[in-house]
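Have a look at the structure below before the remarks.
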């Protein structure tokens with residue numbers, strides 16, 4: 006599903022342009038929900054998404070299922086439309102009727118700027134039961150009570166491990182704690198006589214593959230804010246996360262690790278390092294099960310919750326997903342809402358799409374539906390989704406600027422360019438607080 010949005014967070018420049026395009030608009034300027042179309046009305050809706058190839062075809066099938074309710078609907082699904090293109094459409098006054106975004110980090114920006122219209126008037130009018138959506142998923146589709154988006158499936162992250170590599174190292178079960186992960190990573194690493202890495206037990210490099218701050222943070226109990234709402238990165242939990250990563254970086258040797266990483270395949274190519282048996286363990290989402298089945302059927306792998314720094318945290322995890330909204334200036338907002346409502350709550354449509362692109366359903370009814378295809382490895386992520394312990398994206402009015410700030414800092418830390426970890430984290434906190442203050446939201 007949202008494979009691009011995991012690896013490509015929207016730039017601060019694009020986030021700022023969202024504010025500019027909706028400056029002075031308040032929330033949305035809506036006086037009430039637009040009227041719903043009649044079942045026999047002719048409807049033409051344009052949908053933009055960043056899907057492509059096989060996944061775009063599956064999403065188009067889901068969109069076409071809307072015709073069961075509105076048989077005269079025509080839906081034009083345009084794929085490969087990222088957030089920059091959506092923003093440009095809003096700025097030019099020519100947005101789609103429905104925009105699907107992979108960048109849930111920016112929900113605060115979408116909602117607070119008015120770039121996506123408020124959905125609460127529609128929800129209230131139609132008596133929509135938001136309780137069907139798990140709490141963590143609800144958290145990344147609204148900002149400060151302003152619901153401007155709905156979910157289209159979700160992603161849940163956990164541990165992937167090569168069964169043969171662990172067995173060769175005498176390991177009989179996946180790690181449950183970060184101390185075990187560190188030990189197992191060292192035991193499954195293979196180096197040439199000159200020290201060159203041939204196989205890495207686990208890659209700690211921040212911003213590589215799924216190694217993103219929001220995905221890592223829950224496993225260390227790291228929180229983004231202090232109780233008074235300030236940036237909370239200068240905490241023992243964030244420090245422990247970064248120190249864990251640095252210990253593994255130092256084990257490999259930074260330059261040695263960078264040379265190894267530079268030779269690895271792209272995240273969504275057949276040359277992915279896990280597919281090529283270049284790494285023994287990794288963090289990734291449920292969608293990877295489909296990639297491995299398709300691209301690397303010879304890899305014997307297992308899945309599990311990601312290891313945690315404390316045993317009582319085990320089973321926690323991160324979730325995110327594609328979001329759908331009605332852009333400011335959409336020509337057919339009433340019909341757009343009907344389509345969004347259909348994709349968000351029609352159980353059959355959700356299950357079919359989840360089976361088609363191997364993502365996690367974003368309603369409780371679909372999660373429990375017997376038609377959902379669940380094998381042993383996918384069940385790990387279903388269980389996590391049902392655990393009630395997942396955490397969503399941190400939501401702020403500055404888009405993903407806070408995530409980018411800690412990501413850049415972590416990269417410098419791993420490279421040995423930060424002399425004082427705690428002092429450096431305090432500087433990042435101040436940078437984030439200043440940006441939020443300047444946003445005025």
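Residue numbers (the working numbering): 6 to 446. Glycine is no exception: its CB is placed at the ideal position from the N, C-alpha and C atoms.
- Ranking 422, 113, 305 and 126 by CA distance to the CA of residue 147 puts 113 first.
- For residue 389, the enclosing alpha helix (DSSP H) stretches over residues 381-391.
- Counted as a single uninterrupted DSSP element, the alpha helix (DSSP H) harbouring residue 173 occupies residues 168-173.
- Going by DSSP, residue 94 is part of the alpha helix (DSSP H) stretching over 88-97.
- If you draw a 10 Å sphere on the C-beta of residue 396, you find 16 or more other C-beta atoms in it, and that means buried.
- In the structure shown, residue 164 adopts extended strand secondary structure according to DSSP, grouped into three states.
- With fewer than 16 other Cβ atoms inside 10 Å of its own Cβ, residue 427 counts as exposed.
- Just so you know, the alpha carbons of residue 91 and residue 151 end up roughly 20 Å apart.
- Annotation for residue 83: no alpha helix (DSSP H) segment contains it, though the beta strand (DSSP E) segment containing it runs 78-83.
- Closest by C-alpha distance to residue 56, out of 78, 75 and 84, is 84.
- If you draw a straight line from the Cα of residue 159 to the Cα of residue 430, it is about 30 Å long.
- Here the region 192-205 lies against the region 253-266, with 3 or more beta-carbon pairs under 8 Å apart.
- Less than 7 Å separates the beta-carbon of residue 394 from that of residue 321.
- With fewer than 16 other Cβ atoms inside 10 Å of its own Cβ, residue 69 counts as exposed.
- Boundaries around residue 246 are those of the alpha helix (DSSP H), 241-257, since no beta strand (DSSP E) includes it.
- For the pair residue 440 and residue 390, the CB atoms are not nearer than the 7 Å cut-off.
- Rounded to the nearest whole angstrom, the C-alpha separation of residue 332 and residue 256 is 48 Å.
- One Cα belongs to residue 86, the other to residue 103, and the distance between them is close to 12 Å.
- Assignment of residue 285 by DSSP, reduced to helix, strand and coil, places it in the strand class.
- Collapsing the DSSP output to three states places residue 117 in a helix.
- Residue range 103-106 is occupied by the beta strand (DSSP E) that includes residue 106.
- Secondary structure of residue 355 (DSSP, three-state): helix.
- For residue 205, the uninterrupted beta strand (DSSP E) run begins and ends at 202-207, by DSSP.
- Judged by DSSP in its simplified three-state form, residue 428 adopts helix.
- No Cβ-Cβ contact shorter than 7 Å links residue 318 with residue 50.
- Contact between residue 167 and residue 285 holds, with the beta-carbon distance rounding to 5 Å and staying under 8 Å.
- Two segments are said to touch when three or more pairs of C-beta atoms, one from each, lie closer than 8 Å; by this definition the region 239-257 touches the region 201-220.
- In the DSSP assignment, residue 229 falls outside any alpha helix (DSSP H), carrying neither H nor E.
- For residue 50, the uninterrupted beta strand (DSSP E) segment begins and ends at 48-53.
- With a cutoff of 7 Å on beta-carbon distance, residue 334 and residue 101 are scored as not near each other.
- Residue 57 sits in coil when the DSSP states are folded into three classes, being neither helix nor strand.
- Counting C-beta pairs with one atom in each stretch, the region 233-253 and the region 294-313 have fewer than three that are closer than 8 Å, which means they do not touch.
- For residue 308, the uninterrupted beta strand (DSSP E) run begins and ends at 306-309, by DSSP.
- Distances from the alpha-carbon of residue 388 to those of 310, 188 and 193 put 310 closest.
- When the five nearest sequence neighbours on each side are left out, the beta carbons in the same chain lying within less than 7 Å of the beta carbon of residue 195 are those of 203 and 204, in order along the chain.
- Secondary structure at residue 139: coil, using DSSP grouped into helix, strand and coil.
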